[in-house]
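Okay, so here's the structure we're looking at.
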């Protein structure tokens with residue numbers, strides 16, 4: 001079960017002027033589930049994206065990067081679940097292109113104004129005929145208030161739909177931000193098998209939008225891990241529809257930071273929701289690494305802890321097996337780390353210092369904290385001023401079950 | 001259950017002249033199990049060791065490195081299970097030293113001629129009084145033919161004892177090699193929660209012994225992974241007792257390669273046994289990466305596959321979910337990898353090429369291979385002449401169960 005995470009109310013996902021969403025059940029892999037999403041954007045919208053660094057990036061990812069580089073003026077997004085269209089070679093590219101061609105024809109736009117996304121099983125051909133056959137129905141129900149349906153239409157092994165909204169004031173105008181995401185396995189920085197779509201109706205310059213997406217992804221989706229696997233299809237798209245009536249926000253605007261932080265806040269919530277819905281998760285762990293010489297070394301320590309199956313199974317068992325955390329810190333790859341000067345906390349309890357267990361630590365303190373569903377692991381390296389936070393979940397029987405059964 | 005691995009017969013583990021082994025049940029952590037091993041070496045024996053690179057290396061590892069550097073002439077080894085004496089700070093060092101002092105006094109040697117080893121739970125104080133109290137009993141049963149008991153005495157979560165022997169001819173003399181190992185979780189290169197002891201009665205120079213241990217470890221213990229965790233206590237010790245009557249083998253001897261390869265062969269068998277007995281293992285996987293530009297990039301690809309929980313759970317399910325393997329190759333970190341020129345084989349079946357599924361591949365071929373308990377995953381990068389083999393096992397319910405329950 002997801003860790004302190006429930007699906008949003010339909011009414012809590014606020015419509016964003018200039019965005020409409022339509023979905024259908026196209027039976028891409030299985031019947032009777034929402035599996036195709038169409039999103040349309042008002043003319044003049046600006047779009048930025050970040051994508052997986054996997055060398056086997058999927059066909060739709062290749063097209064997305066290409067179309068964004070062409071600065072064609074993106075007007076629609078097309079998402080299917082059930083098939084990732086990855087590891088599919090030239091044929092996969094052709095099928096992704098066909099889906100864009102078909103949607104473009106129906107919407108009377110150019111094919112390179114459609115960004116395609118796929119998620120699901122790798123190495124199988126995209127049943128593009130099914131996707132195309134579903135487009136008229138998806139277009140027929142395009143609406144501004146379809147966000148919850150949209151969040152449901154992009155789910156794969158997700159248990160709950162993920163979405164959130166914010167309202168802020170920019171230069172006296174009310175600006176809305178709504179985002180949705182999916183993903184619960186193959187989650188790793190750079191990035192997850194995850195899709196994220198965040199839209200605001202604010203007017204934002206392209207440069208500012210690119211700046212914000214890099215900032216936001218480094219604070220959110222690049223700080224989560226479920227199983228250390230980096231997907232072929234990860235995509236985060238940030239869109240601004242220019243409908244709120246505010247003066248265009250640039251990187252030099254007084255309100256730039258305000259908008260950036262609000263968008264980042266949405267990205268963090270969506271990223272954390274993916275971990276809370278991590279495959280088989282029963283605990284949500286925040287690994288905070290502080291006092292590092294560099295962000296890089298903090299990330300090494302954080303991910304060594306967050307990736308360790310030994311630690312993740314101990315958390316599943318609510319066992320304060322802190323030695324496994326020390327071991328992970330030790331093998332994180334920080335060559336000159338002095339294990340005698342760092343401190344390890346569980347919650348706010350000091351559990352290790354001077355290379356060993358803290359004299360003040362009582363096992364029952366660890367046991368009490370381990371019973372919680374949200375747990376903070378805090379490592380203070382005491383050698384610098386940098387810090388990072390990594391979010392992850394535990395490793396349970398159900399993780400194995402879900403991933404052993406996924407294709408069947 | 002271990003994958004095609006059974007404990008050796010007592011008679012198959014050959015005595016090695018100059019080595020005696022004694023054990024006892026010292027109740028270090030639990031009663032009624034062999035948990036202390038004493039090994040004595042004839043005067044004039046040569047000893048080389050390689051140890052964990054974990055920054056939180058355990059107290060006994062620190063002493064081992066120190067004593068070996070002192071060239072004190074090692075005469076005994078002392079191993080306890082039940083407690084790793086790691087993450088224990090200065091107190092841990094003191095306790096490890098006390099155990100060496102006690103054994104040295106009983107054997108009438110110097111404390112720095114005793115190498116100590118511990119394996120078990122991290123971050124708890126070594127009950128050194130129990131270890132010391134058990135020493136007289138262990139010494140009382142020191143025998144040359146105690147190898148199977150010795151292999152059993154160093155087990156922790158291991159299901160079966162691990163040991164093997166070889167006999168070779170060097171310059172007309174019969175030389176014996178016997179080795180034992182333990183470990184089944186926290187297994188990762190550089191090195192595993194694993195202990196390995198290999199002894200030969202050959203006369204070998206110190207330089208040749210150091211050369212061989214580096215060679216052998218890189219071909220064996222540094223090529224295995226169960227869960228990606230690198231332990232605080234890993235140690236491999238190679239010993240030569242100079243009792244076989246052969247002329248001393250140096251790096252320039254005609255028979256150097258013969259001895260090196262026989263010792264390496266023992267190391268490979270012991271290392272593979274650890275994977276076959278991997279926690280919860282039901283399959284043994286050989287990941288062969290060939291045609292790389294460098295050994296390093298081959299290792300990156302091999303370990304990306306061998307560490308992936310998604311791949312390991314798919315193997316547990318006997319599911320030829322090959323897309324997960326392609327995804328792992330893609331995120332292995334080989335920056336300029338061309339996914340269109342590599343080939344992926346399962347056993348001898350070509351499953352992927354040109355960035356996608358091979359046209360000739362039939363799902364039933366993959367299904368048939370996945371039913372085997374020993375499976376070869378072969379990646380041909382087609383960009384160079386280097387290759388590596390990595391050995392790992394699958395990821396099952398029982399892995400979670402074992403590691404969630406380990407301390408209880």
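Chains as they are written, first to last, in my numbering: chain H, 1 to 408; chain X, 1 to 408. A virtual CB, placed ideally from N, CA and C, is assigned to each residue, including glycine.
For residue 374/H, the enclosing beta strand (DSSP E) starts and ends at 374-380. Going by C-alpha positions, residue 299/X is about 8 Å away from residue 289/X. Residue 320/H sits in coil when the DSSP states are folded into three classes, being neither helix nor strand.
DSSP, read as helix, strand or coil, puts residue 73/X in coil.
Look at residue 165/H here: in three-state DSSP terms it is strand.
Using a Cβ-Cβ cut-off of 9 Å, residue 350/H does not count as an interface residue toward chain X, since no Cβ of chain X sits closer than that to its own.
With respect to the 9 Å criterion, residue 260/H and residue 216/H are classified as neighbours on the basis of their beta carbons. With respect to residue 124/X, residue 171/X sits apart: the two C-beta atoms are not nearer than 9 Å. In the DSSP annotation of this structure, the continuous segment of the beta strand (DSSP E) that includes residue 285/H starts and ends at 284-292. Among the CB atoms of chain X, none fall inside 9 Å of the CB of residue 278/H. DSSP lists 21/X as the bridge partner or partners of residue 143/X.
Beta-bridge partners of residue 39/H (DSSP): 21/H and 77/H. Between residue 8/X and residue 164/X the beta-carbon gap is near 7 Å, inside 8 Å, which marks them as a contact.
A straight line joining the alpha-carbon of residue 110/X with that of residue 116/X spans about 13 Å. Within 9 Å of the CB of residue 166/H, no CB atom of chain X is found; the nearest one sits about 32 Å away. Under the 9 Å criterion on CB atoms, residue 372/H is classed as non-interfacial with respect to chain X.
Taking a 10 Å sphere around the C-beta of residue 243/X, we find 16 or more other C-beta atoms and assign the residue as buried. Ranked by how close their Cα comes to the Cα of residue 379/H, the residues 302/H, 319/H, 367/H and 360/H have 302/H in first place. Secondary structure of residue 263/H (DSSP, three-state): helix.
Runs of the alpha helix (DSSP H) lying entirely within the stretch 75-130 of chain X, each at least 4 residues long, are 89-107 in chain order. Counting every other CB atom within 10 Å of its CB across the protein chains shown gives residue 257/H a total below 16, marking it as exposed. The three-state reading of DSSP puts residue 197/H in strand, counting E and B together. Taking 8 Å as the upper bound for CB-CB distance, residue 392/X and residue 306/X are in contact here, some 4 Å apart. Between the C-alpha atoms of residue 196/X and residue 78/X there is a straight-line separation of about 13 Å.
At a cut-off of 9 Å between beta-carbon atoms, residue 51/X makes no contact with chain H. Taking the CA atoms as reference points, residue 235/H sits about 7 Å from residue 194/H.
Comparing alpha carbon positions, the residue from 176/H, 153/H, 335/H and 98/H closest to residue 30/H is 153/H. Counting along the chain, the unbroken alpha helix (DSSP H) around residue 370/H starts and ends at 363-370. For residue 390/H, the uninterrupted beta strand (DSSP E) run begins and ends at 386-393, by DSSP.
Minimum Cα-Cα distance from residue 251/X among the listed residues 104/X, 133/X, 203/X and 129/X corresponds to 203/X. Looking at the DSSP output, residue 258/X bridges to nothing. Interface annotation for the stretch 86-107 of chain H against chain X: 86, 87, 88, 89, 90, 91 and 92, criterion Cβ-Cβ distance under 9 Å. For residue 217/X, the enclosing alpha helix (DSSP H) stretches over residues 206-219. For residue 175/H, the enclosing beta strand (DSSP E) covers residues 173-182. Interface with chain H (9 Å Cβ-Cβ cutoff): residue 319/X is included.
Boundaries of the alpha helix (DSSP H) harbouring residue 303/X: 295-307, taken from the DSSP string.
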